[in-house]
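Quick notes on the structure that follows.
There are 2 protein chains.
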Amino acid sequence: MADVAALAGVSSQTVSRVSMGLDNVRPETRRKVLTAMAELGYSANVAARALRYGSYGTLGVIAHRLARTGESRTVEAVVEAARAQGYTVTLVDVESPSSDEVTAAAARLSHQAIDGLVIIRAETATPDTLALPHRMPVVVSDSRFVGHHPAVGADQIDGARRATQHLLGLGHATVHHVAGPADSGPAQMRADAWRAALTEAGRDVPDVLRGDWTAGTGYEIGRELAADLDVTAVFCANDETAAGVLRALHEAGRRVPADVSVVGFDGIPLAEHLWPPLTTVVQDFSGIGRALVDLLLQQVRDGRALDDVHTLVPVELVVRASTGPAPGARRRDS
Amino acid sequence: MADVAALAGVSSQTVSRVSMGLDNVRPETRRKVLTAMAELGYSANVAARALRYGSYGTLGVIAHRLARTGESRTVEAVVEAARAQGYTVTLVDVESPSSDEVTAAAARLSHQAIDGLVIIRAETATPDTLALPHRMPVVVSDSRFVGHHPAVGADQIDGARRATQHLLGLGHATVHHVAGPADSGPAQMRADAWRAALTEAGRDVPDVLRGDWTAGTGYEIGRELAADLDVTAVFCANDETAAGVLRALHEAGRRVPADVSVVGFDGIPLAEHLWPPLTTVVQDFSGIGRALVDLLLQQVRDGRALDDVHTLVPVELVVRASTGPAPGARRRDS
DNA sequence: AGCACCGATGTTTACGTAAACATCAGCGGA
DNA sequence: TCCGCTGATGTTTACGTAAACATCGGTGCT
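Respectively, the protein sequence lines represent chains A and B. Heads up: the first sequence begins at 31 in my numbering, then just goes up one per residue. Heads up: the second sequence begins at 31 in my numbering, then just goes up one per residue.
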């Protein structure tokens, strides 16, 4: 900056004014400064600016297994929403969503230059075991943190309930559920809502089949389901798992939806192009991302924490060809 | 820091020494300082440290449509590799990979605190039109930038060639190609390699069908392909497109692979669980991510640019059930 | 003409840290 | 006993910027 000032024959403060885009600089002076800046390849030092100004223009994001669909779509939405507000995003990916790892990631991030922290999922972490940097604004996309940190989440319960009721409404006697991992909050909520919907309708509640969000275990569990001719309706905790189940059903010669109906969860772009196109509960990831950033920036700007805010983002059941009348119901029809 | 020093009854320099983990501090003094730090919830100011030290411990990443599979897997790999080297990652997502947007994103990032820049794809950008911050270390995952910036890329050409030859080897007279967007470098390379493989084998080269990486256009193009009974083999520029093509073939009643064989590209986790499981060219995304970070940090540490380095990461053709002998070949068999 | 005011620009200072240098106490050897 | 050395700690300074304040020349008014 001093070099630029010397070359342009002005003070460093004038260089600062030009670089900040203030308007109380004579056009001629501004031009001289800009020329000097270009010549020297000058650009402002961010660290110094942040030091002076007290803000970094950056939000930290802790994500868990970024390449998983829901994860990357939420992150993309957060990045997008942050950009709209003039912030960039620093990303840390954790192997497992345990308290230790999330705490370590938060510590790593707090050693970076961030103004606030978005925790995409803190599945096995609990409010008590999760240590966060002092006075760091935080939002969590996990509703178990209500009362501790502001939270944003899709309406898991409504989605799982509607998926289950959709299948019951098609005449299926009951609905089997391929769940997500036991240590996942959303997986738990979806399983609970499925169980509640069955109970409410007075139906048998089959054992939960425990998946891990991947298509691979969906396939393995699907092979067992395919072998059981009593199974006519399966609600999967996510679309990947549903893809695995579909494959297993095809391999076993069970027709979808004539013999078995399948519902997914998430609404990944590929869901529409699986065979048959998958009925699924679509989450509004970009709405979640926007809500997360809004809640976080509100705290950053006010300088104080919002404790008990909880934004519930609605979901939508999109019915496609993977669900149809129960074989029994159809038989009654004919 | 001054407060901590006062509370611990030492100088700020001693606090700094403790916080940097230097060992020339008496255990008793260290303990006092740590106690004071804990009491005041002190943590070092990153901007000041960066200002003093000249480095941020952060790499910038410019990605294009993060939620797309290949993208997010590469980003995850970069994040992972960066973490292994003690760096975090700041992410910017651009709508389109044009020079203007990438240049703007680089400018945004250079206003952030980064030590180097990873450009995941700069498809429509060219070395001439892409303006980057002065003296910023850069790597690009796009081989068209060889000679301008260090580049890392999967061996697109080998992958597309092997996919095409695999289909020809199964007895198909020719192979149709559903390409990626015309302004994408990798899409261009895959299409060129497919064309070359056909020409080399002395086969007819059908018109390129122009997709946009999505399953949606794959489906639309697939409906046309399904209507053309001469089509027996389709090589898709990525797995999503292939999923759309598979769906269109199913809807039209064309059997896969008995009537039509389909190959994808990327090796997304779902490829194995599409119906039928998709033969595809698997990219080593985490290898690409590691190579990108290695090349970048080499420049960051040496303080100088590596101009003409080009790392080619091998790909692997994984054969699954979506490809089989050409109908003609089968007929000859029987 | 003289004065008050305003806009453009320069000067000083503070942001929080860590390197470089300074100081100081204690200890061993002559 | 005194000197010099060593290790622990304190003091000064610089990193690059922008706010706050100071200055200076011109303009319009009386």
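Each residue gets a CB set at the ideal place from its N, CA and C atoms; glycine is no exception.
Distance between B/T204 and B/P236, taken at the CA atoms: about 8 Å.
Per DSSP, A/D123 is not a residue of any alpha helix (DSSP H); the beta strand (DSSP E) it occupies stretches across 118-124. Contact check between the stretch 303-316 of chain B and the stretch 334-353 of chain A: fewer than three CB pairs, one atom from each, fall below 8 Å, which does not count as touching. Burial is judged here by how many other beta carbons sit within 10 angstroms of a residue's own beta carbon; B/Q329 has at least 16 and is buried. Chain A has a Cβ within less than 7 Å of the Cβ of B/V119. About 5 Å separates the beta carbons of A/E101 and A/A93, which is inside the 8 Å limit, making them a contact pair.
In the DSSP annotation of this structure, A/H340 is not part of any alpha helix (DSSP H); the continuous beta strand (DSSP E) holding it starts and ends at 340-343. In terms of Cβ geometry, B/A267 and B/A217 form a close pair [threshold 7 Å].
Between B/P357 and B/T262, the CB-CB gap stays under 7 Å. A straight-line Cα-Cα distance of about 10 Å links B/G84 and B/A78. For B/A114, the number of other beta carbons within 10 angstroms of its own is below 16, and it is reported as exposed. For B/V312, the enclosing beta strand (DSSP E) begins and ends at 309-312. Note on geometry: alpha-carbon atoms of B/A66 and B/T44 lie some 12 Å from one another.
Judged by their CB atoms, A/M219 and A/Q186 are nearer to each other than the 7 Å cut-off.
Between the stretch 278-294 of chain B and the stretch 241-256 of chain B there are three or more C-beta pairs closer than 8 Å, enough to call the two in contact. If you ignore the 5 residues before and after A/R233, its C-beta comes within less than 6 Å of the C-beta of T204, all in its own chain and listed in chain order.
Chain-order list of chain A residues neighbouring B/T244: P299, by C-beta distance under 8 Å. In the structure shown, B/H94 falls within a strand segment according to DSSP collapsed to helix, strand and coil. In terms of beta-carbon proximity, A/E106 lines the interface with chain B, with at least one pair separated by less than 7 Å. Listed along the chain, the chain B residues whose CB falls inside 7 Å of the CB of A/E110 are D123. With a cutoff of 7 Å on beta-carbon distance, B/V168 and B/L147 are scored as near each other. If you ignore the 5 residues before and after B/G189, its C-beta comes within less than 8 Å of the C-beta of R220, A223, F295, V311, Q313, V345, L347, all in its own chain and listed in chain order. Scanning B/R95, B/A273, B/V323 for the CA closest to the CA of B/A245 turns up B/A273. Partner residues in the beta bridge of A/R240, as assigned by DSSP, are A/A209.
For the pair B/V76 and A/L121, the CB atoms are not nearer than the 7 Å cut-off. As DSSP reads the structure, A/V76 sits in no beta bridge. Residue state for A/T88 is assigned as strand, using DSSP reduced to three classes. In this structure, A/P306 lies away from A/V275, with their beta-carbon atoms at least 7 Å apart. At least one C-beta of chain B is nearer than 7 Å to the C-beta of A/H280. In this structure, the CA atom of A/T99 is about 18 Å from the CA atom of A/F265. For B/S42, no Cβ of chain A is located within less than 7 Å of the residue's own Cβ. Between A/I149 and the set A/V170, A/T247, A/A134, the nearest pair of CA atoms involves A/V170. DSSP places B/V105 within a helical segment (H, G or I) once states are collapsed to three.
Counting only residues of its own chain and dropping the five nearest sequence neighbours on each side, B/A135 has a CB closer than 6 Å to the CB of I92, V122, V124. Spatial neighbours of B/L200 in its own chain (CB-CB distance under 8 Å, excluding positions within 5 residues in sequence) are listed in chain order as A263, S291, T353, G354, P355, A356, A359. Its chain contains T104, A107, V108, A111 as the residues whose beta carbon lies nearer than 6 Å to that of B/G319, once the 5 sequence neighbours on both sides are disregarded; these appear in chain order.
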